[in-house]
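Anchor point for the sequence shown: position 42 equals 42 in UniProt numbering, and the numbering is continuous, going up by one each time. For each residue, glycine too, the CB sits at the ideal point set by N, CA and C. None of these values were measured; they are calculated from a predicted model.
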Amino acid sequence: MIVCIAEKPSVARDIANVLGATTRHDGYLEGNGYQVTWTFGHLCELKSPEDYTPNWKRWSLGSLPMVPQRFGIRLKNDRGVRQQFKVIERLMKHADSIINCGDAGQEGELIQRWVMQKAGAKCPVQRLWISSLTEEAIREGFNSLKPQDDYQSLYEAGLCRAIGDWLLGMNATRLYTLKYRPNNYGQPPLSVGRVQTPTLALIVRRQEEIENFKPEPYWVLTTEYRDTIFTAVMGQPDEESADAENNNAKTSINKRGFSTEEEGRQAMEKIKNVPFEVTSVQKKNGTEAPPRLFDLTSLQVECNKKFGYSADQTLQLIQALYEKKLTTYPRVDTTYLSDDIYPKCKATLNGISKQYGALLQPLRGQPLRKSKKVFDSSKVTDHHAIIPTGREPVNMTDMERNVFDLVAKRFIANFYPDCKFATTTVLGQADDVTFRVSGKVILEPAWRTVFASDAKSEDDKNDEERTLPDFRVGESGPHEPNLARKETQPPKYYTEATLLRAMETAGKLVDDEELREALKENGIGRPSTRAAIIETLFRRGYIRKQRKSLFATPTGVELIGLIKEELLKSAELTGRWEKKLREIEHRKYSAPQFIEELKVMVSEIIQEVMSDNSNRHIALSEVPDGSKKRSGNSTSSTNAPKRKIIRAGSTCPVCGKGKVIKGHTAYGCSRWKEGCTFRKPFKK
């Protein structure tokens, strides 16, 4: 008998239907020589400190560092988990072979390996690796099963991540709690983690930058000529280097404007009675490629900007679309497709033509475009970018439809030609002050027509056409100068969208898509875990949300202020750890060496904190509890995040339309027949 083990019941049912295993049993399906069973995500976890050494149960500075000689796993303390594991263990004991049908990623590999280890599986194991749950994809996957050993490095990377999080989290949390909150009885510990702490540090540092920001005034000189507003050039107009603002310009203009009002007034006075002369007209044609396909982070960013969805909401929604077989595997970090996907794209587009026929009409009757910015197998490892599967997009909630629409339109747009535009830059002069104005005209909108009906963001509005009159070099005439006082602006508070981008690029502000791709290897966390990290910071009481902006609570600010070890709070250094984990996955770095480095780091952190004789203490600003909502519009800086409790009768947190209902083992949604995937197991 061949035993297949999936990560959740719904996926197991899809696989069983393809295999013909249609007979239902308690905890598995059977038929046609297969037994298909499932987990509920993590059934196993790394052992707790007291499982290794009884003395480690008591929190004591003297027991640190806690470094087990050999890490082990245990079943989660949950009745449903134990019951399902017994089924899995029994099936594997009598199996001739096993097919690992877990989620096709690092976390999915770890989940299944731990279960098989705990069950004592001895027979050969093969791996199913698929990017969608359509019947066709499942059949293709079963026709190209791989030996489990092909994914050994993937498992080792996941194991190193789990052990690293245990070593740093367990030791640093006890260390900081015992050292800086010694009378901690009845209060949550000071949670410190490999990923959550540098993420919190990003928010705290941005907040401090804003609070310490001192606006500086400057004055901008403009003039109106032929109904067009020209702005005084900052330094020499043809110089792009940093030296431009330090050159011996005839007027005292810094990179923003005049540094004093007096200088601005003097310049305005001497030009107001002098004719304005056009000195240069430059016209250039350019092209703009379609926006890149979505990876998980860019999709979370876009959904936060357009719909206000949290990172966690977007992850749940795109996961639901994946399980409904409407989109491909979501937990990806690439915006590319492998070359072998190209021949299938026409069928994919045909599958969604009923809903997007008008947008697909210009593509009919001609070969589909194949751009290197989309199709590049060298940029794809485990999975490709998120795209539609080609199944007709029906039975979606409104929120799911919003997300699917983003994915579908991005996919369609990348088969359109590049947008063509023309830019015009005009320079003019009055006395010795140079002015500039630029305009942009869209010549051929091409892919932009795909998004023509979408609501425009501020960035889109700033990029709108600005048509200029037909200026000619040498023309001159009267003009009306004006001097306006302005102030430098502080950086903006992080939103979930901008925080996700910062986590992805290890804190570096990056707008260029290609540079963003290059920095991904050094990002904080993985695409699949970043939403959970943000939620953890809310739950710990370290951050709060006001409208879309994220604020650190006093507890979060104090904690980052206490931590002096850059290894704990530096986004860049944490990004280097992430890069090493990727290298382990690709067999370019040693897993044992990584663990040894972590052990050394933990010991160094403990020594440094223990040497602090400042007697500083930190208090929790407010203890979050289950009766509080995750976020709100409170203006109080001490208002801790509020967690949302799930109760029968409350509005479904996924679809927003149904009501929460109580089942035998979990809460669900009253609209489950309409396709809502909300499910939350009871706490044991």
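Got a sec? Which residues, its chain only, sit under 8 Å from A121 by beta carbon, not counting five neighbours each side?
Excluding residues within five positions, the ones whose Cβ falls inside 8 Å are M92, A95, I98.
Thinking L46 and I88 are a contact (beta carbons under 8 Å), I'd like their distance in whole angstroms, please.
With a Cβ gap of about 19 Å, L46 and I88 do not count as contacting.
First and last residue of the beta strand (DSSP E) that includes N285?
First-last of the beta strand (DSSP E) with N285: 276-288.
Starting from I99, trace the beta strand (DSSP E) in both directions and tell me its first and last residue.
Annotation: the continuous beta strand (DSSP E) that includes I99 extends over 97-101.
Identify which residue in P481, T327, S144 has its Cα closest to the Cα of M268.
Of the listed residues, the one whose Cα sits closest to M268 is P481.
Where the alpha helix (DSSP H) containing Y52 begins and where it ends
Segment 49-52, the alpha helix (DSSP H) holding Y52.
In or out: P478 buried (at least 16 other Cβ within 10 Å) or exposed?
Around the beta carbon of P478, a 10 Å sphere encloses fewer than 16 other beta carbons of the protein chains shown; the residue is thus reported as exposed.
Same chain only: Cβ atoms within 8 Å of V18, ignoring 5 sequence neighbours per side:
Sequence-distant partners of V18 (beyond 5 residues in either direction) whose C-beta falls short of 8 Å from its own C-beta, in its chain, are E135, I138, R139, F142.
Around the C-beta of A358, are 16 or more other C-beta atoms found within 10 angstroms, so that it is buried, or is it exposed?
Sixteen is the threshold: since fewer than 16 other Cβ atoms of the shown chains lie within 10 Å of the Cβ of A358, the residue is exposed.
DSSP-derived helix/strand/coil call for N247
The predicted position of N247 is uncertain, since its pLDDT is 35 and thus under 50; a value taken from the coordinates is nonetheless stated next. Here N247 sits in coil by DSSP.
Assigned secondary structure, Q300 (DSSP; H/G/I helix, E/B strand, else coil):
Taken through DSSP and simplified to helix, strand or coil, Q300 comes out as helix.
Whole angstroms is fine: what's the gap from K657's alpha carbon to R79's?
Distance between K657 and R79, taken at the CA atoms: about 31 Å.
Return the CA-CA distance between Q546 and E487, expressed in angstroms with no decimal places.
Taking the straight line from one Cα to the other gives about 25 Å.
Using C-beta distances below 6 Å, list every residue in its chain close to D14, excluding the 5 sequence neighbours before and after it, in chain order.
Hits under 6 Å: L133.
Under a Cβ-count criterion, where at least 16 other Cβ atoms within 10 Å of its own Cβ denotes burial, should M396 be classed as buried or exposed?
Burial call: buried.
What does DSSP give as the partner residue(s) for Y225 in the beta ladder?
Y225 has T228 as its beta-bridge partners, per DSSP.
Identified DSSP bridge partners for I386:
Its beta-bridge partners are F294.
Coarse secondary structure for L317, derived from DSSP in three states
Note: L317 maps to helix in three-state DSSP.
Among S60, L598, L368, which has the Cα closest to the Cα of I341?
Ranking the options by Cα distance to I341, first place goes to L368.
Residue burial classification, residue 743 (beta-carbon count within 10 angstroms, cutoff 16)
An answer regarding residue 743 cannot be provided, because it is not within the stretch 1 to 684 covered by the chain.
Give the secondary structure of N259 by DSSP, where H, G and I count as helix, E and B as strand, and everything else as coil.
Residue identity check: residue 259 is Ser in the sequence provided, not Asn. Coil.
In angstroms with no decimal places, state the Cα-to-Cα distance between T334 and A119.
Rounded to the nearest angstrom, the gap between the Cα atoms of T334 and A119 is 35 Å.
Does the region 484-501 come close enough to the region 275-282 to have 3 or more Cβ pairs within less than 8 Å?
Cβ pair count under 8 Å is below three, so no.
Flag this pair as touching only if the region 295-305 and the region 527-538 have three or more C-beta atom pairs under 8 Å; answer yes or no.
Contact between the region 295-305 and the region 527-538 is present, because at least three Cβ pairs lie under 8 Å.
Count the CB pairs spanning the region 169-179 and the region 41-60 that are closer than 8 Å, and state whether there are at least three.
With the cut-off at 8 Å, the region 169-179 and the region 41-60 touch.
Is it the case that the Cβ atoms of Y493 and V450 are separated by a distance below 8 Å?
No, the pair does not count as a contact, with Cβ atoms beyond the cut-off.
Does DSSP put E239 in a helix, in a strand, or in coil?
With a pLDDT of 40 at E239, under the threshold of 50, the predicted position of this residue should be treated as unreliable, and no value is reported.
Kindly list the residues whose CB is nearer than 7 Å to the CB of I595, restricted to its own chain and excluding five residues on each side of it in sequence; keep chain order.
Residues C160, I163 of the same chain have their beta carbon placed closer than 7 Å to that of I595, with the five preceding and five following residues left out of the count.
List the residues that DSSP assigns as beta-bridge partners of G72.
G72 is not bridged to any residue.
Any contact of the region 391-407 with the region 187-194, i.e. 3+ C-beta pairs under 8 Å?
Too few Cβ pairs lie closer than 8 Å, so no.
Beta-carbon gap between Y180 and H586 smaller than 8 Å
Contact check for Y180 against H586 fails: the beta carbons are separated by 8 Å or more.
Do you know whose CA, among F421, R206, D431, lies nearest A446's CA?
A446 has its Cα closest to that of F421, out of F421, R206, D431.
Pair every Cβ in the region 23-37 with every Cβ in the region 345-352, then say whether three or more of these pairs are closer than 8 Å.
No: fewer than three Cβ pairs fall under 8 Å.
Count the other C-beta atoms from every protein chain shown that fall within 10 angstroms of the C-beta of I352, then say buried if there are 16 or more, exposed otherwise.
I352 sits buried, since 16 or more C-beta atoms from the chains shown fall within 10 Å of its C-beta.
Proximity below 8 Å, CB of E504 to CB of G523
A contact, by the Cβ cut-off of 8 Å.
Measuring alpha carbon to alpha carbon, tell me which of C101, Y28, G158, Q152 ends up nearest S144.
For the options C101, Y28, G158, Q152, the alpha carbon positioned closest to that of S144 is the one of C101.
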